[in-house]
Each structure stands twice: as structure tokens, then as C-alpha cells.
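Working notes for the structure below.
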Amino acid sequence: AQRVTQPEKLLSVFKGAPVELKCNYSYSGSPELFWYVQYSRQRLQLLLRHISRESIKGFTADLNKGETSFHLKKPFAQEEDSAMYYCALNSGSARQLTFGSGTQLTVLP
Amino acid sequence: EAQVTQNPRYLITVTGKKLTVTCSQNMNHEYMSWYRQDPGLGLRQIYYSMNVEVTDKGDVPEGYKVSRKEKRNFPLILESPSPNQTSLYFCASSFSRDRHEQFFGPGTRLTVL
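These protein sequence lines map, in sequence, to chains A and B.
Numbering-wise (the working numbering), the first sequence opens with residue 56 and increments by one.
Numbering-wise (the working numbering), the second sequence opens with residue 3 and increments by one.
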């Protein structure tokens, strides 16, 4: 069975500091990993997906199959990055996405 | 505007009183799903539907029912709500051919007294 672990429930950094939100997954096959974000009073939305290898709002995430990780990184955090971040895995099953428990990021001024 | 809508957005009810939370999407998506969001537990899938008349259980289906009679609608039914179903509920939809991006509704905050 697939599983997604986000070890940090809360993470606070100062504006301009680097930020890394950790995500580890457990799945025996070839996974597809995603990061979703939920800003205050907004609905959950896709931030980025590993197959695109893109940078969105300065965030990047690299899939490391050896460490089974998909950490989200940004070199210089901004206050508007404060949000709840969810890592999600698509194992290809009909159920689609398995979400982690989320990390609430707060960027302090 | 392409979107997923949920109604009601907020609901306070009492134990045992049947309720329905509606979900509708206007993007012609085949796939729809219900999640509940609880502190420390993240998003957990309740039920999902691959298409009309095709539904299946997610991680936490106990106490819930769904139906998919039309492609655009996927209501969540609580026949006899209990306090442990107090939560924030999200509906989501996507094209089946693109399993990557799910579009989420605004959420329904349910309190069961």
C-alpha cells in the first residue's frame, strides 16, 4: 500500500531564508509525486508535479527514488508563501491521490 | 468559469439527522472524489467515482454514502451523522486521462453536535 509522510506539521522560517518541506513516500512501483498548496481562505490547488520538473513561484522539488523523497524547496521564502502544503502520491490506481498529513508553513517578517 | 462548487459551505447539525452535501463540477470531468480534512491527519479520501454509476470506497468510507447519477454531480450523504464526522470536507474532480491535477471545491465545514 502507498503511504506519504510529512514529518513536520508546523514549520516557521524568516523571510528571505531558505525553506525545505520534507516528504517521504512508500510505494513499490513507479510513483508520480505532487505538491498541493492551500493558502488561507482559498481552495487546495496544485503547486507542482515531479514529471514536469518545473519551478513554480520559486519552488522546486526533486524526486529521489533512492531515498524515496520528494522534498519541496525554495531558496528565499516570502511571506506570501505562508500556507498549508500537502505532498501527494499517485500510484496509478483508480483512487488517484494519497495525501500526506500536511505541513503548515509560516514565513515570518 | 470552470470550477467545483459545494453546498452548503457551513453546516451545524445534530447527531442522527440525515444530511447531504452537494458537489457539482462544470468541467466535464469523469473522476470525482470526496475527502475529509482533519488536523494532524491531512486529507483522507472517503469515496471516489470513476464515472457515472461507478463509485468505490476510499480510506474512510464508514458512515458515508455517495451516488453518481449524473456526470457533474457527486453528493455526499450522511445518513446518521455522529460527532466524529465533524470535519472539513472537500470535493474534487479531474479528467480520468490526466490523473495528475485534481480541482478542489471550496470546502464544507460540518459540525455535528
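Backbone N, C-alpha and C define an ideal beta-carbon position, used for all residues, glycine too.
Just so it is clear, the structure is predicted and the values come from calculations on it, not from any experiment.
Selected residue, minimal CA-CA separation from residue i, among the options
| i | options | result |
| --- | --- | --- |
| A:E87 | A:N119, A:K128, A:M139 | A:N119 |
| B:N75 | B:V62, B:Y37, B:D61, B:E32 | B:E32 |
| B:T7 | B:M34, B:G18, B:S89 | B:M34 |
| A:K129 | A:E63, A:Y94, A:F114, A:F154 | A:F114 |
| A:S137 | A:V59, A:A72, A:F154 | A:A72 |
| B:N53 | B:F97, B:G109, B:P10, B:F106 | B:F97 |
| B:S89 | B:R70, B:L43, B:Q27, B:F106 | B:L43 |
| A:F89 | A:S146, A:L160, A:Q159, A:L163 | A:S146 |
| A:T123 | A:H105, A:S110, A:K112 | A:H105 |
| B:G107 | A:V92, A:L99, A:F125 | A:L99 |
Buried versus exposed, by CB contacts within 10 Å (16 or more), residue i
| i | result |
| --- | --- |
| B:R38 | buried |
| B:Q47 | buried |
| B:V16 | exposed |
| B:T22 | exposed |
| A:A116 | buried |
9 Å Cβ cut-off: residues of chain A touching residue i
| i | result |
| --- | --- |
| B:P10 | Residues of chain A passing the Cβ test: none, with the nearest at roughly 16 Å. |
Proximity test, Cβ basis, 8 Å: residue i and chain B
| i | result |
| --- | --- |
| A:Y82 | no |
| A:R98 | yes |
| A:K64 | yes |
Under 7 Å from the C-beta of residue i: neighbouring residues of chain A
| i | result |
| --- | --- |
| B:E103 | L101 |
is_contact[residue i, chain A] using C-beta, thresh 8 Å
| i | result |
| --- | --- |
| B:V108 | Checking the sequence, you will find Pro at residue 108 of chain B rather than Val. Cβ-Cβ to chain A under 8 Å: yes for B:P108. |
| B:F92 | yes |
| B:L43 | yes |
Integer Cβ distance of residue i from residue j, believed to fall under 8 Å
| i | j | result |
| --- | --- | --- |
| A:A143 | A:K70 | 27 Å between Cβ atoms; not a contact. |
| B:V68 | B:I79 | 7 Å |
| B:G65 | B:Y49 | Between B:Y49 and B:G65 the Cβ distance is about 11 Å, and since that is not below 8 Å, they are no contact. |
| A:T158 | A:Q61 | 5 Å |
| A:Y82 | A:F125 | 11 Å between Cβ atoms; not a contact. |
Chain B contact residues for residue i, given Cβ-Cβ distances below 7 Å
| i | result |
| --- | --- |
| A:F154 | G44, L45 |
| A:G157 | G44 |
| A:Y141 | G44, L45 |
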